[in-house]
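Participant:
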DNA sequence: CGAACAATTGATCCTCATCAAACCTTGTGG
DNA sequence: CCACAAGGTTTGATGAGGATCAATTGTTCG
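Chains as they are written, first to last, in the numbering used here: chain A, 10 to 244; chain B, 10 to 244.
1) Can you grab the Cα-Cα spacing for the pair residue 84/A / residue 66/A, in whole Å?
2) Residues of chain A with CB under 8 Å from residue 261/B, in chain order?
3) Count the other CB atoms within 10 Å of the CB of residue 28/B; is the residue buried (16 or more) or exposed (fewer)?
4) Is residue 151/B helix, strand or coil when you go by DSSP?
5) Would you say residue 37/A reaches chain B, if we count a Cβ-Cβ gap shorter than 8 Å as a contact?
6) Can you have a look at residue 233/B and say buried or exposed, based on whether 16 or more other CB atoms are within 10 angstroms of its CB?
7) Select from the stretch 186-216 of chain B all residues with a C-beta closer than 7 Å to any C-beta belonging to chain A, and list them in chain order.
8) Thinking residue 208/B and residue 224/B are a contact (beta carbons under 8 Å), I'd like their distance in whole angstroms, please.
9) Does residue 200/A come out as helix, strand or coil in the three-state DSSP assignment?
10) I'd like the list of long-range same chain contacts for residue 229/B, defined as Cβ closer than 8 Å, with 5 residues on each side in sequence excluded.
11) Among 106/B, 19/B, 70/B and 26/B, which one has its Cα closest to the Cα of residue 58/B?
12) What are the boundary residues of the alpha helix (DSSP H) that residue 120/A is part of?
13) Within 8 Å (strictly less), CB to CB, does residue 138/A reach chain B?
14) Less than 8 Å between the beta carbons of residue 154/B and residue 198/A, yes or no?
15) To which residues does DSSP link residue 55/A through a beta bridge?
16) Can you grab the Cα-Cα spacing for the pair residue 103/A / residue 53/A, in whole Å?
17) Please report the straight-line C-alpha distance between residue 235/B and residue 159/B, rounded to a whole angstrom.
18) Measuring straight from C-alpha to C-alpha, what distance separates residue 43/A and residue 116/A?
19) Going by the CB atoms, is the gap between residue 79/B and residue 195/B shorter than 8 Å?
20) Would you kindly report the start and end of the unbroken beta strand (DSSP E) that includes residue 236/B?
21) Taking the alpha-carbon of residue 39/B as reference, which of 113/B, 192/B and 76/B has the nearest alpha-carbon?
22) Go through its chain and collect everything with a Cβ distance to residue 165/B's Cβ below 7 Å, but skip five positions before and after it.
23) For the ligand GTP, is there any heavy atom lying closer than 7 Å to the beta carbon of residue 64/A?
24) Does DSSP put residue 218/B in a helix, a strand or coil?
25) Under DSSP, the beta strand (DSSP E) around residue 29/B begins and ends at which residues?
26) Between which two residues does the beta strand (DSSP E) containing residue 225/B stretch?
27) Could you run through the stretch 48-60 of chain B and flag, in chain order, every residue whose CB is less than 7 Å away from some CB of chain A?
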């Protein structure tokens, strides 16, 4: 079922769009449903469409020739992805998008969006804002990877995830994340073994509660301290 | 001396701008000259201006609380930098910009650029293109850092630099780069010691010629092979 | 010529990746 | 409803890739 046009306002880029534009976008869009584990597009495919996540979750990943992959970003509901083709007519997706759970997306032709943008500066600014924040996040993660230890990077990743997609179990303070050790490893440039050891240690310290494909943050503040470099030294 | 308006066409974003717009930009812009080693702006400063490099070179870097820094990007002549504030009114620079040699820039208020962009979709697309390519480069470097060995990352960095700022000594094939071991270390997330050892080894193999703050690539093809992972294994 | 700074090189150590094997958890089919 | 299969997780042992430290040697420039 296609989303109601007004629903698109939940997408940051379309926050201030007119009702007519939103209707146009929904009409032009194609609804696609994808099962868990399936792919929206692969790295290198021509970027004909961009996507709006209507329901579900996905991850953007990039792999090197040897097949090792890194997780660039998680896409939550009402987030936009695959949008790099909007400004460049014949671009290719620089990453692969895979569904983390069964998902529904609205696929819209990049070309169509481009014509819209020509007369909607507000939307263009929204898109630039999105790109800007993405650049900033990538820069920060790049620096982390270059200068910080695994411990700190994982702490940072969890904090970031908690902010983006965390489900607050309102009762007992504690933010629950649904990722496997392997997922976290791909997000932090590490291995599932190291992540496993680290999470076990943190569980022993009562900072988190770990389960199968599940991490519950009990003491966010302690994570912040670890992220800041208060690891081994301060003990 | 302010550049002639038409000169600005050398900046990718302004390639297709009208003469009037270029004149306006130059008039609005402030010329700033900065000595080698000095700073254009620091990470965290309010992003009031964006800059066009008129002559000289600079680097964008980010440092962590401990003071370790990573090199995000080198800015060559007629490149634009500090532009993240254009779409967001009250943004702060996410990185520090330092002159690599005595440089002259044209500083233009982000706010002014924003009003211009509202009625210049072509310019907006140009800016998005720039952001897009930057995102792609950061993603690629991030993956490299996460999955590749120092050897491969350094090879990649040199290839990239050769493409961006290489001076071809037309006579004898050989692309000359002017960076210290420390610079390369900051670009690849390594240390000057490791880079020194690596470059010495490559010089022994005749792939490069190394000097003080100078690297001359003699056999680019061999670098490409190393970048592709043909290092220890294939010998 | 000497000071300042870049580069080299050796020795050492530490963080993590890797490999192997066992252990849980979850879902499925008999 | 139990048993088994599949996939996630844990844990130990080992080793490699680089970081770090220290001392020396080049190089450049005032």
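Using N, Cα and C, we set each Cβ at its ideal position, and we do this for glycine too.
Facilitator: The structure says:
1) In the first chain, the residue the question calls residue 84/A occupies position 75. In the first chain, the residue the question calls residue 66/A occupies position 57. One C-alpha to the other measures close to 6 Å.
2) What is shown of chain B runs 10 to 244, which leaves residue 261/B out entirely.
3) In the second chain, counting from the first residue as 1, residue 28/B sits at position 19. Residue environment analysis places residue 28/B among the exposed positions, since fewer than 16 neighbouring C-beta atoms fall within 10 angstroms of its C-beta.
4) As a first step, residue 151/B must be located in the second chain, where it is residue number 142. It is helical.
5) The count along the first chain starts at 1 and reaches residue 37/A at position 28. No - not a single Cβ of chain B is within 8 Å of the one on residue 37/A.
6) For this step, residue 233/B is matched to residue 224 along the second chain. Per the 10 Å Cβ criterion, exposed.
7) 198
8) For the purposes of this step, residue 208/B is taken as residue 199 along the second chain, with counting starting at 1. For the purposes of this step, residue 224/B is taken as residue 215 along the second chain, with counting starting at 1. About 7 Å separates the two Cβ atoms, so the contact holds.
9) As a position in the first chain, residue 200/A is number 191, starting the count at 1. Correct three-state label for residue 200/A: coil.
10) As a first step, residue 229/B must be located in the second chain, where it is residue number 220. Result list for residue 229/B: 168, 171 and 184, in chain order.
11) On the second chain, residue 58/B is found 49 positions in, with the first residue counted as 1. In terms of Cα proximity to residue 58/B, the closest of 106/B, 19/B, 70/B and 26/B is 106/B.
12) Translated into the one-based positions of the first chain, residue 120/A becomes position 111. Its alpha helix (DSSP H) spans residues 119-126.
13) Sequence index remark: in the first chain, residue 138/A carries index 129 (1-based). So, interface residue.
14) Numbered from its first residue, the second chain carries residue 154/B at position 145. Numbered from its first residue, the first chain carries residue 198/A at position 189. Yes.
15) Position 46 of the first chain, counted from the start, is the residue given in the question as residue 55/A. According to DSSP, residue 55/A bridges with 101/A.
16) Numbered from 1 along the first chain, position 94 holds the residue referred to as residue 103/A. Numbered from 1 along the first chain, position 44 holds the residue referred to as residue 53/A. Each residue's Cα considered, the two are about 6 Å apart.
17) To locate residue 235/B, count along the second chain from 1; it is residue 226. To locate residue 159/B, count along the second chain from 1; it is residue 150. Distance between the alpha carbons of residue 235/B and residue 159/B is about 11 Å.
18) What you label residue 43/A is simply residue 34 of the first chain in a count that begins at 1. What you label residue 116/A is simply residue 107 of the first chain in a count that begins at 1. Roughly 12 Å between the two C-alpha positions.
19) Your numbering for residue 195/B matches position 186 in the second chain. Your numbering for residue 79/B matches position 70 in the second chain. In this structure, residue 79/B lies closer than 8 Å to residue 195/B by Cβ.
20) Numbered from its first residue, the second chain carries residue 236/B at position 227. Run containing residue 236/B: none in the beta strand (DSSP E); it sits in the alpha helix (DSSP H), 229-236.
21) Reading the second chain from its first residue, position 30 is the one you call residue 39/B. The candidate whose alpha carbon is nearest that of residue 39/B is 113/B.
22) If you number the second chain from 1, residue 165/B lands on position 156. Counting only Cβ-Cβ distances below 7 Å, and skipping sequence neighbours, we find 153 and 236.
23) The ligand GTP is absent from the structure shown, which contains no ligand whatsoever.
24) Position 209 of the second chain, counting from 1, holds the residue named residue 218/B. Residue 218/B: strand per DSSP, three-state reduction.
25) Within the second chain, the letter at position 20 stands for residue 29/B. For residue 29/B, there is no enclosing beta strand (DSSP E); the enclosing alpha helix (DSSP H) has its first and last residue at 28-37.
26) What you label residue 225/B is simply residue 216 of the second chain in a count that begins at 1. Counting along the chain, the beta strand (DSSP E) containing residue 225/B begins and ends at 223-226.
27) none
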